[in-house]
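One structure is given below, encoded as structure tokens.
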Amino acid sequence: MYIINQSFAGDECVFEFALCMDCREKMHNQLSEPSKVAMFDFMHDHIDMEQREEQLGTDSATEDYITSCITCHQPRSATNGYTLGAMFAGHELIKGPFPMLMCSTCEEALADSLSDETRKVWDRFIAENFPGPPSEVKLPTGSKPVLI
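If you're matching positions, the sequence shown starts at 1 in UniProt numbering and goes up one per residue.
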């Protein structure tokens with residue numbers, strides 16, 4: 001199993017990556033405890049996963065999962081940017097809490113709650129794995145991508 005994240009500025013994908021679950025777990029283990037708590041609290045305070053799974057189940061159309069921000073419910077068409085997160089087993093999309101969309105405004109709010117230690121872990125991950133502009137450069141959306 002693996003996850004795919006894609007960050008968009010408008011309709012253009014400006015950053016994407018796939019990460020196996022083992023690597024995702026290794027990354028998660030490097031995050032500071034305060035950041036882990038902050039991310040959990042942010043998601044818990046803004047998302048009713050139980051309601052989402054009841055409403056969408058596992059057989060809704062993929063588009064139904066990503067029509068609006070999972071945290072603030074702003075329609076995708078009204079955002080300046082957003083990130084999609086999805087989980088796969090081979091070529092099969094796993095539905096449940098995923099796929100999900102988070103608008104750049106909510107991503108920024110989530111990112112603001114992260115510790116400097118966690119930001120350094122993320123910046124190092126980007127610098128080591130993705131050639132291109134330095135990891136401290138902001139996306140055209142005005143924010144940095146967040147692993148969701």
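Cβ atoms here follow ideal geometry from the backbone N, Cα and C, with glycine treated the same way.
Residues of its chain near residue i, where Cβ-Cβ distance is below 7 Å and the 5 sequence neighbours each way are ignored
i	result
Met21	Met1, Tyr2
Thr62	Leu93, Pro99
residue 152	It is not possible to answer for residue 152, since the shown part of the chain is limited to 1 through 148.
Neighbour-count burial assignment, residue i, 16 or more Cβ in a 10 Å radius
i	result
Phe8	buried
Glu107	buried
Val37	exposed
Asn86	Before going further, note that residue 86 is Ala rather than Asn in the sequence given. Result: buried.
Ser35	buried
Gly57	exposed
Gly81	buried
Thr83	buried
Met39	buried
Reference residue i, options the options, closest by Cα
i	options	result
His73	Asn29, Met39, Thr105	Thr105
Asp11	Trp122, Ala78, Gly85, His91	Ala78
Ala109	Ala89, His28, Asp45	Asp45
Ile4	Arg119, Arg124, Ala89, Asp123	Ala89
His28	Pro75, Arg119, Cys13	Arg119
Chain-order list of residues whose beta-carbon lies under 8 Å from that of residue i (same chain, five-residue window excluded)
i	result
Gln51	none
Glu53	Gly96, Pro97
Asp112	none
Tyr65	Leu56, Lys95, Phe98, Pro99, Met100, Leu101
Cys23	none
Rounded Cβ spacing between residue i and residue j (contact assumed at less than 8 Å)
i	j	result
Ile126	Met102	Incorrect: roughly 18 Å between the Cβ atoms, too far for contact.
Contacting residues, own chain, Cβ-Cβ under 6 Å from residue i (five flanking each side not counted)
i	result
Glu117	Ser32
Ser115	Ser32, Pro34, Ser35
Gln30	Val121
Any non-hydrogen atom of the ligand COA closer than 6 Å to residue i Cβ
i	result
Ser77	The ligand COA is absent from the structure shown, which contains no ligand whatsoever.
Original post:
What runs of the alpha helix (DSSP H), each 4 residues or longer, lie entirely inside the region 19-67?
Top reply: Runs found: 21-30, 33-46, 49-56, 62-65.
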